[in-house]
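Novice: Residue numbers (numbering that gives the first Met the number 0): 0 to 156. Yeah, the Cβ is synthetic: ideal placement off N, Cα and C, and Gly gets one too. Handing you a structure now.
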Amino acid sequence: MRSKLPLLAGSALLLMAALLHLRLFPLSGALEFLERKNLDLMFRLRGELPADSSMIIVSIDDASLQRAGAWPWPRRQLADLLQKLAAARPKLIVLDIMLPARSDDLDGTAELAHVMRNSRVGEPISNSAGERMSSQVGEPVSNQVGEPVSNQVGEPV
C-alpha cells in the first residue's frame, strides 16, 4: 500500500487543481475586466511620459490623403516619400502598410524596390492574415524553386 501513496496523492492534487480551475473559470472574465481597469488606473496615476525624441512616427492620416490623393498611392510616390525620409538618415524606417497585390506601374514598382533596398527600410514578412510575404526588403517574391512569381513589392505569395 505504501508504494501507491505517491500515486494517490498526485491524483488527488491533480483532481483538486482541475476542480479549482473549473470553479474559477466563470470568474476569468470578471478578473480580466478588473485587471484592465487596474492597469488603466495605474497609467493615469503615473501620468504622461515625455515622448522619446529618437523616434518619429510619420502616419498617413486624412489630411495626408486629402493632399496626396486617395489610397493606394502610386508606388513611385511612395518611393519619393521614402527617399525624403531616408535623406534624414534615420537608423530605420519601418513600413506598416499593405500594398495592393497588383500594380500596372512596373517602373514605379522597380523604383520603390530600389529605394527600399538602398535605404534602411524594414517591412513585415507576413501580414495579419498570416500570408507569407517577401522575406527580403524590396526583393521580388519567388516560389519554392526560386522562380519569380511576381515583381510586386510585398505581394502575398
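(1) What three-state label does DSSP hand Val114 in the structure shown?
(2) Roughly how many angstroms lie between the CA atoms of Ala11 and Lys3, to the nearest whole one?
(3) Output the residue ranges of the alpha helix (DSSP H) runs that lie fully inside the region 16-91 and measure 4 residues or longer, sorted by chain position.
(4) Could you tell me which residues DSSP pairs with Gly121 in its beta bridges?
(5) Nearest to Val95 by CA position, among Asp103, Leu81, Pro49, is which residue?
(6) Alpha carbon to alpha carbon, what distance is there between Ala62 and Gln135?
(7) With the cut-off set at 8 Å, would you say Arg119 and Leu91 are in Cβ contact?
Specialist: The structure says:
(1) On the sequence shown, residue 114 is found 115 positions in, with the first residue counted as 1. Reduced to three states, the DSSP call for Val114 is helix.
(2) Taking the sequence shown and counting its residues from 1, one reaches residue 11 at position 12. Taking the sequence shown and counting its residues from 1, one reaches residue 3 at position 4. Each residue's Cα considered, the two are about 12 Å apart.
(3) The alpha helix (DSSP H) runs of length 4 or more contained entirely in the region 16-91 are, from start to end of the chain, 27-45, 61-67, 74-86.
(4) Looking up residue 121 in the sequence shown gives position 122. According to DSSP, which records beta bridges pairwise, Gly121 is partnered with Val93.
(5) On the sequence shown, residue 95 is found 96 positions in, with the first residue counted as 1. Per the sequence shown, residue 95 should be read as Asp rather than Val. For Asp95, the closest of Asp103, Leu81, Pro49 by C-alpha to C-alpha distance is Leu81.
(6) Position 136 of the sequence shown, counted from the start, is the residue given in the question as residue 135. Position 63 of the sequence shown, counted from the start, is the residue given in the question as residue 62. No answer about Gln135 holds up, because its pLDDT of 42 lies below 50 and its placement is not dependable.
(7) Within the sequence shown, residue 119 is the residue found at index 120, counting from 1. Within the sequence shown, residue 91 is the residue found at index 92, counting from 1. The Cβ atoms of Arg119 and Leu91 lie closer than 8 Å to each other.
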